[in-house]
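Notes follow the structure.
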Amino acid sequence: MNWKWIPILLLMILSLLFLSGCDVVYELLDLAEILLGESYPQEVEIDPDGMRLVFMDVGQADCTLILQGEHAMLVDTGTAGEYETIAGYLDRYGVRELDALILTHPHADHIGSAPKILEAYSVHQVFLPGATTTTKVFERTLDLILEQEIPADAPRPGDTWQLGKATLTFLSPDPDEEFSDLNDASIAFIIDYNGIGAFFSGDMGSAMEKEVIGAGYYLACDLIKVPHHGSRTASCQELVDAVNPRYAVFTTEANSDDGLPDEDVIERYEAQGTTLYFSHLDGTILADISGTELLVYPENESNQ
Numbered sequence: 011m012n013w014k015w016i017p018i019l020l021l022m023i024l025s026l027l028f029l030s031g032c033d034v035v036y037e038l039l040d041l042a043e044i045l046l047g048e049s050y051p052q053e054v055e056i057d058p059d060g061m062r063l064v065f066m067d068v069g070q071a072d073c074t075l076i077l078q079g080e081h082a083m084l085v086d087t088g089t090a091g092e093y094e095t096i097a098g099y100l101d102r103y104g105v106r107e108l109d110a111l112i113l114t115h116p117h118a119d120h121i122g123s124a125p126k127i128l129e130a131y132s133v134h135q136v137f138l139p140g141a142t143t144t145t146k147v148f149e150r151t152l153d154l155i156l157e158q159e160i161p162a163d164a165p166r167p168g169d170t171w172q173l174g175k176a177t178l179t180f181l182s183p184d185p186d187e188e189f190s191d192l193n194d195a196s197i198a199f200i201i202d203y204n205g206i207g208a209f210f211s212g213d214m215g216s217a218m219e220k221e222v223i224g225a226g227y228y229l230a231c232d233l234i235k236v237p238h239h240g241s242r243t244a245s246c247q248e249l250v251d252a253v254n255p256r257y258a259v260f261t262t263e264a265n266s267d268d269g270l271p272d273e274d275v276i277e278r279y280e281a282q283g284t285t286l287y288f289s290h291l292d293g294t295i296l297a298d299i300s301g302t303e304l305l306v307y308p309e310n311e312s313n314q
């Protein structure tokens, strides 16, 4: 911020308020925005009878805001360094409290900003897997949940939960099962609104994907948040066939040290006829459900 401009701008605004009325003041506020290099956040209004999914561009990490009517839910919280980005979206959409916070698994790129979210916003329900770790961010997250007496549950396969008029069906994992790889402990679920479904599975690997398929769930969905950022360890052919998505969102970063997303995974979805979006190329991705229609597009192509 260029603080040296503030006294001058205030003087100009006060003077012209006297002389010219409020229209000039608004013009000066626009000038202030340019000089200070800042914008004034405006809340976004969305279809109260629809649902919006906001796949935030938080690098090679996950954070998705889901809005249905007056209800809001966050799926994962990115890294600790992305809190300001996440809070910016929550504020932009007028979110002061969350019906639920789903932490798919306790890796830092999925729960990194959870402590700050829990400190700054009212959270009514937390879902997390039974798997645990001893990292500071995970332990701090648990401490805050206990301190605030927030209901916290490890959902079981087949459990359902309502976000307004949208229905979540949890698919995996069994909270009593032990995992050598925390990725496989990821909570997998489908959120359905008006018959349009979106599939989430954190960083779940192919072996667990096949277990979910073997459990006999109907997995066909219109949209998939691509598992494990497009890693070759996930998105097995059987899962791609079972979900058969029209759209796939890859949460990725440019020049990833891990080589993500994997080219074979990309080709697997392309062969299915799926339209692909990548956060490192497209930025934040929006998915709007209105009636029985689904529209997926980069936020920078939106009017709001």
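Take any residue in the sequence shown, count from 1 to its spot, add 10: that is its number in our numbering.
The beta carbon of each residue, even a glycine, is placed where N, CA and C say it ideally should be.
According to the neighbour-count rule (16 or more other Cβ atoms, all chains shown, within 10 Å of its Cβ), is Glu219 buried or exposed?
-> By the neighbour-count rule (16 or more Cβ atoms within 10 Å), Glu219 is buried.
Alpha helix (DSSP H) segments (min. 4 residues) lying fully within the region 76–128 = Complete alpha helix (DSSP H) runs here, min 4: 93–102, 118–121.
Residues that Asp169 bridges to, as DSSP identifies them = Residue pairing by DSSP places Asp169 in no beta bridge whatsoever.
Take the Cβ of Glu92 as the centre, count every other Cβ of all protein chains shown within 10 Å, and call the residue buried at 16 or more, exposed below.
-> Counting of Cβ neighbours within 10 angstroms places Glu92 among the buried residues, the total reaching 16 or more.
In terms of DSSP beta bridges, what is Thr177 paired with?
-> Its beta-bridge partners are Gln172, Asp202.
Please list, in chain order, all residues of the same chain as Val64 whose beta carbon is under 7 Å from its beta carbon, the five residues on each side excluded.
-> Same-chain partners within the cutoff: Thr74, Leu75, Tyr99, Thr294, Leu296.
If you drop the 5 nearest sequence neighbours on each side, which residues of the same chain put their C-beta closer than 8 Å to that of Val133?
-> For Val133, where only same-chain residues beyond five positions count, the Cβ hits under 8 Å are Glu107, Leu108, Ala110, Leu111, Ile127, Gln158, Ile160.
Cβ neighbours of Val136 in the same chain (closer than 6 Å, five flanking residues each side left out) = Contacts found: Leu111, Ile155, Ile160, Ala162.
Spatial distance of Ala130 from Ala90 (CA atoms) = In a straight line, the C-alpha of Ala130 is about 14 Å away from that of Ala90.
Using DSSP with H/G/I as helix, E/B as strand and the rest coil, what is Ala308?
-> The displayed chain sequence assigns Pro, not Ala, to residue 308. Note: Pro308 maps to strand in three-state DSSP.
Within 10 angstroms of the Cβ of Asn193, are there 16 or more other Cβ atoms? Answer buried if so, exposed if not.
-> Under this definition Asn193 is a buried residue.
Backbone secondary structure at Ser132 - three-state DSSP = Correct three-state label for Ser132: strand.
Does the distance from the C-beta atom of His239 to that of Leu286 stay below 8 Å?
-> Against a cut-off of 8 Å, the Cβ pair of Leu286 and His239 comes out as no contact.
Sort Gly69, Thr177, Ala230, Pro237 by Cα distance to Asp267 and report the nearest one.
-> Among Gly69, Thr177, Ala230, Pro237, the Cα nearest to that of Asp267 belongs to Gly69.
Which word fits Arg166, buried or exposed, when buried means at least 16 other C-beta atoms lie within 10 angstroms of its C-beta?
-> By the 10 Å Cβ count, Arg166 comes out exposed.
To the nearest whole angstrom, what separates the beta carbons of Val253 and Phe209, a pair I think is in contact under 8 Å?
-> With a contact defined as Cβ atoms closer than 8 Å, Val253 and Phe209 qualify at about 5 Å.
Strand pairing of Met61, partner residues [DSSP] | Looking at the DSSP output, Met61 sits in a beta bridge with Gln78, Ile299.
DSSP three-state assignment for Val68, whether helix, strand or coil = Three-state result, Val68: coil.
Cut-off 7 Å between Cβ atoms - residues of its own chain near Ser312, not counting five sequence neighbours on either side | Here the set comprises Leu296.
Could you check which residue in Thr145, Gly60, Ala217 has the C-alpha nearest to that of Leu77?
-> The shortest Cα separation from Leu77 among Thr145, Gly60, Ala217 belongs to Gly60.
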